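So the protein lines, in turn, are chains A and B. Heads up: the first sequence begins at 28 in this note's numbering, then just goes up one per residue. Heads up: the second sequence begins at 338 in this note's numbering, then just goes up one per residue.
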Amino acid sequence: MDDFIAARSQMALSLGFHIIFSCIGMVMPFFMAVSHYKWLKTGEEVYKNLTKAWSKGVAIFFATGAVSGTMLSFELGLLWPKFMDHAGPIFGMPFSLEGTAFFIEAIALGFFLYGWNKLNKWFHWFTGMVVGVSGLASGILVVAANAWMNSPAGFDFVNGQYLNIDPIQAMFNKAWFTQALHMCLAAFTATGFAVAGVHALMILRNRNAYFHLKAFKIAAVFACIAALLQPLSGDISAKDVAKRQPAKLAAMEALYKTEKPAPLLVGGIVNEKDKTVKGAIKIPAALSFLAHGDFKAEVKGLDQIPENDHPPVAITHYAFQIMVGIGTLLLLVSLTYFFILFKKKPLIEKRWLLKLFVFAIPLGYLALEAGWVVTEVGRQPWIIYGIMRTKDAVTPMPGIAYSFYIFSAIYVSLSIIVTFLLYRQIKMVPVLYNKTEQNN
Amino acid sequence: MEQVVITFLCMAILLYFLLGGADFGAGIIELFTSTKNRSRTRKTMYHAIGPVWEANHMWLIIAIVILFVGFPFIYTTMSVYLHIPLAIMLIGIIARGTAFVFRHYDAVKDDMQWLYNRIFRYSSFITALFLGIIAGSLISGHIDTQASDFYTAYISGWLNWFSVAVGFFTVALCGFLAAIYLIGETKEYHDKRRFIKKAEFMNIAAVVFGAMVFMAAQRDQIPLIDWVFKSKVGLSAIILASLSLVLLWYLLIKGKTKILRILAGFQVTMILLAISYAHFPNFIRLKSGNAISLLETVGPEKTIYSLGLALLLGSVLILPFLGYLFYKFQKKEE
């Protein structure tokens with residue numbers, strides 16, 4: 028394996044792994060806080076058990092997210108030293124703030140996990156909220172740093188030199204808000220659907236249905252609200268990308284030729300050699316509207332961009348299709364859910380709806396990962412868009428392929444162990460909390 | 338602001354050595370505990386470091402972020418020439434961090450515990466060893482940024498007598514810190530005796546490996562003796578460290594246990610000071626005879642200013658909260 032490809036694969040793998048864990052770590056505390064609040068208000072034992080059960084999950088995910096995040100802070104240098112030489116001082120601001128947020132999160136988690144019966148109950152609840160809020164802040168800050176790579180700001184690039192560095196301006200670059208908004212909603216959607224789905228499965232199997240129904244409702248509401256808002260955020264993102272990174276937009280839509288008006292391609296098979304797309308459904312003028320808010324607008328195709336600045340088109344296009352496809356599906360599930368809630372029908376009787384949620388367990392995360400593929404692969408061949416190429420940033424050390432193999436093995440085994448642990452946690456719910464069931 | 342940032346960097350590195358080090362030490366102690374006592378050791382340990390576990394490891398992240406934002410050239414030089422030991426240390430960090438949490442939160446306690454324990458112990462040892470190797474390599478003067486072959490560039494920079502000796506010395510220090518810390522965490526007589534034994538053992542190991550560090554320095558022509566004994570600060574630090582060691586064992590016999598950890602922490606701080614003071618603010622000594630200094634590679638002014646501000650702001654938020662965490666979970670023991 029080529030060292031450059033190995034470095035990119037290792038980075039993609041590390042990020043892809045970390046993203047899942049950090050999303051769960053930043054979203055689940057909010058579910059926990061709701062359940063905890065209900066326990067404090069109503070005194071219903073089931074909410075206390077639910078809070079505790081979820082907090083164990085959070086502890087596992089947080090620890091895994093923390094170590095994989097530590098790994099990433101080193102990996103930036105291990106794999107991309109020439110990038111960090113220049114980028115560190117410019118885009119480091121959000122990272123230093125993130126360090127603070129993450130630290131607070133870790134302290135608050137210590138309080139929360141070990142604070143049962145030791146702290147004032149509202150202070151205890153508050154520490155749980157701090158875990159969530161600081162986790163969310165960490166997420167937004169890290170995404171702001173990534174946004175800088177898409178939309179470099181806060182310096183002047185003169186004859187290969189990075190001058191007049193302003194880290195604050197770099198942090199508030201043009202892409203930070205749209206990316207952070209899209210990511211936060213995605214985190215809530217993905218985690219919400221995964222959690223709701225797991226509890227739906229347990230309801231279907233009729234194990235501790237009361238317990239799981241409470242859990243399901245909390246997670247499902249978060250998931251469905253986020254899924255309803257996501258298309259709006261997606262629209263803002265698309266218009267932003269069209270303006271700032273026309274090459275990425277063209278790759279997302281596999282738009283090889285500049286067109287006015289441009290059609291939206293749904294699906295299709297991309298042939299990168301012939302620069303054609305076969306079998307896609309064409310919706311006339313739709314892309315013009317989505318990218319520029321005007322059915323007659325011209326959309327820049329890849330033909331207007333120099334060949335050596337083209338991102339890989341097929342991967343970006345497919346990933347985009349997956350993301351949008353799943354997003355639409357989850358939107359429909361959410362609408363159905365709210366419709367049923369509105370009609371005040373008992374959920375337990377709607378087995379088909381619960382089955383739909385079970386089916387959706389992995390979908391949110393698939394969409395999330397696909398979305399990151401669009402962002403990252405769509406930015407190629409640049410590591411700092413328009414400024415530095417990824418291949419110029421890679422470490423001079425040979426043999427990165429071995430490092431890639433080793434870390435792949437580690438991540439794969441960690442994923443297996445974490446899944447196994449969760450399976451056991453869920454399986455043990457009846458043993459741990461059966462008492463509750465009888466009380467109610 | 339430059340001084341503020343450098344102070345924070347030194348503090349973060351020191352605190353990681355002390356707090357993270359004690360965590361590694363806990364795993365190392367477990368490694369050297371006979372099978373029949375392991376579950377008791379584990380219990381005391383979990384009780385002691387559970388609540389502050391995640392927080393202890395944040396110092397590493399703080400240190401690394403300060404380096405890559407404020408001193409990118411140091412960060413990237415380390416990343417390139419110490420790639421292999423850094424990667425091994427990271428594997429250790431990943432393995433022990435997850436194993437520690439998994440073994441506690443696995444809903445079923447069965448044979449899997451065996452696996453988690455194994456991973457936790459060995460990876461604690463390896464992480465501390467490589468942390469020491471990396472620290473040793475930074476001052477060993479073996480890093481060769483002009484090397485043209487793989488071995489000189491990526492291996493001999495860290496795989497040399499001096500770095501490896503510092504690695505084992507670090508392992509012993511971590512074990513010592515943990516043993517001293519754990520003495521104060523248990524009330525049971527036999528457990529206390531056992532941890533005292535471990536502290537003795539680690540203390541002896543530290544002295545032996547410490548001597549080996551000096552021998553290796555001599556062999557690799559590193560002026561360690563000059564750094565430590567020819568500078569006033571280095572010499573006083575060593576004297577203070579030795580005195581506090583005597584005091585520590587005296588108090589231990591007297592049965593005072595909580596004050597011990599402060600003395601042990603002080604001692605390790607003095608050792609770090611003695612080794613690093615003479616060549617501060619140089620951070621990496623190179624084979625060419627040059628050194629990469631913190632002051633000469635500091636990032637642009639605006640960056641350092643906002644980094645310093647972020648750190649100050651962060652500590653206003655973090656330190657009281659962290660202090661309360663330590664306080665709250667100490668108090669419950671009384």
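Cβ coordinates follow ideal geometry from the N, Cα and C atoms, glycine included. Just so you know, these numbers come straight off a predicted model, no measurement behind them.
- Any Cβ of chain A within less than 8 Å of the Cβ of SER416(B)? Translated into the one-based positions of the second sequence, residue 416(B) becomes position 79. Closer than 8 Å: yes.
- Looking at chain B, which residues of the stretch 192 to 204 of chain A have a Cβ within less than 8 Å of any of its Cβ atoms? ILE192, ASP193, PRO194, ILE195
- Task: Could you please give the first and the last residue of the uninterrupted beta strand (DSSP E) stretch that includes TYR189(A)?
- Result: In the first sequence, counting from the first residue as 1, residue 189(A) sits at position 162. Looking at the DSSP string, the run of the beta strand (DSSP E) that includes TYR189(A) is 188 to 190.
- Which first and last residues belong to the beta strand (DSSP E) in which LEU374(A) is found? Stepping through the first sequence from its first residue, residue 374(A) is reached at position 347. LEU374(A) -> no beta strand (DSSP E), and no H or E assigned at all.
- Name the chain B residues whose beta carbon is nearer than 7 Å to that of ALA468(A)? Within the shown structure, residues of chain A are numbered from 28 to 467, placing residue 468(A) beyond reach of any answer.
- Give a yes or no on whether the minimum CB-CB distance between LYS639(B) and chain A is below 8 Å. Within the second sequence, the letter at position 302 stands for residue 639(B). It does; some Cβ of chain A falls within 8 Å.
- Is it buried or exposed for VAL456(A), if we count other Cβ within 10 angstroms and need 16 for buried? Counted from its first residue, the first sequence places residue 456(A) at position 429. Label assigned to VAL456(A): buried.
- Where in the stretch 485 to 571 of chain B do unbroken runs of the beta strand (DSSP E), each at least 3 residues long, occur, reported from the N-terminal end onward? DSSP runs (the beta strand (DSSP E)) wholly in the stretch 485 to 571 of chain B: none.
- Message: For a cutoff of 8 Å on Cβ pairs, would you count VAL94(A) as touching chain B?
- Response: Numbered from its first residue, the first sequence carries residue 94(A) at position 67. Judged by the 8 Å Cβ criterion, VAL94(A) is in contact with chain B.
- Message: Quick check: ILE470(B) and VAL501(B), are their CB atoms within less than 8 Å of each other?
- Response: For the purposes of this step, residue 470(B) is taken as the residue at position 133 of the second sequence. For the purposes of this step, residue 501(B) is taken as the residue at position 164 of the second sequence. Their beta carbons are under 8 Å apart, which means ILE470(B) touches VAL501(B) by this criterion.
- Item | Whole-angstrom distance between LEU393(A) and HIS209(A), CA atom to CA atom | As a first step, residue 209(A) is located in the first sequence; it is residue number 182 there, counting from the start. As a first step, residue 393(A) is located in the first sequence; it is residue number 366 there, counting from the start. Approximately 15 Å, taken between the alpha carbons.
- Message: Can you pull the chain B neighbours of ILE131(A), defined as C-beta to C-beta under 8 Å?
- Response: By one-based count along the first sequence, residue 131(A) stands at place 104. Under the 8 Å cutoff, chain B gives LEU654, ILE655, PHE658.
- Item | the stretch 513 to 530 of chain B / the stretch 359 to 373 of chain B touching (three or more Cβ pairs under 8 Å) | yes
- Query: Any beta-carbon of chain C closer than 8 Å to the one on ALA90(A)?
  - Reply: No chain C appears in this structure, whose protein chains are A and B.
- For chain A, find out if any of its Cβ atoms is closer than 8 Å to the Cβ of ILE350(B); answer yes or no. Reading the second sequence from its first residue, position 13 is the one you call residue 350(B). ILE350(B) does not count as touching chain A.
- Message: If distances are taken between C-alpha atoms only, which option among ARG271(A), ILE230(A), ALA217(A), ARG232(A) comes closest to SER49(A)?
- Response: In the first sequence, residue 49(A) corresponds to position 22, counting from 1. Minimum Cα distance to SER49(A) is reached at ALA217(A).
- Whole-Å CB distance - PHE499(B) paired with ILE559(B), under 8 Å assumed: The residue you call residue 499(B) lines up with position 162 of the second sequence. The residue you call residue 559(B) lines up with position 222 of the second sequence. That pair is a contact at about 6 Å.
- Query: Mapping DSSP to helix, strand and coil, what is ARG234(A)?
  - Reply: As a working note, residue 234(A) is residue 207 in the first sequence. In this structure, ARG234(A) counts as coil in the three-state DSSP scheme.
- Extent of the continuous alpha helix (DSSP H) to which ALA313(A) belongs: Along the first sequence, one-based indexing puts residue 313(A) at 286. Segment 313 to 319, the alpha helix (DSSP H) holding ALA313(A).
- Query: Which class does MET28(A) belong to by DSSP, given the choice of helix, strand or coil?
  - Reply: For the purposes of this step, residue 28(A) is taken as the residue at position 1 of the first sequence. In this structure, MET28(A) counts as coil in the three-state DSSP scheme.
- Message: With a threshold of 8 Å between beta-carbons, can ILE444(A) be considered close to chain B, or not?
- Response: Taking the first residue of the first sequence as position 1, residue 444(A) is located at position 417. True, the Cβ-Cβ gap to chain B drops below 8 Å.
- In the DSSP assignment, find the unbroken beta strand (DSSP E) run with ALA628(B) in it and report its ends. One-based indexing of the second sequence puts residue 628(B) at position 291. Note, ALA628(B): beta strand (DSSP E), 628 to 630.
- Task: Starting from PHE666(B), find everything on chain A with Cβ-Cβ shorter than 7 Å and list it in chain order.
- Result: Along the second sequence, one-based indexing puts residue 666(B) at 329. By Cβ distance, chain A contributes TYR141.
- Does DSSP put ASN466(A) in a helix, in a strand, or in coil? On the first sequence, residue 466(A) is found 439 positions in, with the first residue counted as 1. Note that ASN466(A) scores 40 on pLDDT, short of 50, meaning its location in the model is unreliable and no value can be drawn from it.
- Contact set for ILE192(A): own chain, Cβ-Cβ below 7 Å, skip 5 residues either direction: Position 165 of the first sequence holds residue 192(A). The answer, listed in chain order, is PRO116, ILE117, GLY181, PHE182.
- Which residues bound the alpha helix (DSSP H) around LEU291(A)? Reading the first sequence from its first residue, position 264 is the one you call residue 291(A). Here LEU291(A) belongs to no alpha helix (DSSP H); instead the beta strand (DSSP E) covers 291 to 293.
- Message: Within the continuous alpha helix (DSSP H) that includes VAL605(B), where are the two ends?
- Response: Within the second sequence, the letter at position 268 stands for residue 605(B). Per DSSP, VAL605(B) belongs to the alpha helix (DSSP H) from 595 to 614.
- Task: Evaluate contact between the stretch 448 to 460 of chain B and the stretch 522 to 530 of chain B, counting only Cβ atoms and requiring at least three cross-stretch pairs below 8 Å.
- Result: Because the criterion of three Cβ pairs below 8 Å is not met, the stretch 448 to 460 of chain B and the stretch 522 to 530 of chain B do not touch.
- Task: Taking C-beta pairs closer than 7 Å, name the residues in chain A that SER643(B) reaches, listed in chain order.
- Result: Sequence index remark: in the second sequence, residue 643(B) carries index 306 (1-based). Per Cβ cutoff of 7 Å: MET120, PRO194, ILE195.
- Would you call the stretch 420 to 428 of chain A and the stretch 275 to 286 of chain A in contact, with 3 or more CB pairs under 8 Å? no
- Message: Please list, in chain order, the chain A residues whose beta carbon lies closer than 9 Å to that of LEU466(B).
- Response: The residue you call residue 466(B) lines up with position 129 of the second sequence. What LEU466(B) touches in chain A: nothing, since even the nearest Cβ is about 17 Å away.
- Query: Along chain B, in chain order, which residues have C-beta atoms closer than 7 Å to that of SER430(A)?
  - Reply: For the purposes of this step, residue 430(A) is taken as the residue at position 403 of the first sequence. Residues of chain B passing the Cβ test: ALA424.
- Message: Taking 8 Å as the cut-off, does the stretch 418 to 429 of chain B touch the stretch 126 to 145 of chain A (at least 3 CB pairs, one atom from each stretch)?
- Response: No, the stretch 126 to 145 of chain A does not touch the stretch 418 to 429 of chain B.
- Task: Grab me the residues of LEU292(A)'s own chain with a C-beta within less than 7 Å of its C-beta, minus the 5 sequence neighbours each way, in chain order.
- Result: As a first step, residue 292(A) must be located in the first sequence, where it is residue number 265. Answer for LEU292(A): GLU280, ALA281, VAL304, ALA307, LYS309, listed in chain order.
- Query: Of all the residues that make up the stretch 138 to 164 of chain A, which are near chain B by a beta-carbon distance shorter than 7 Å?
  - Reply: PHE138, TYR141, LYS145
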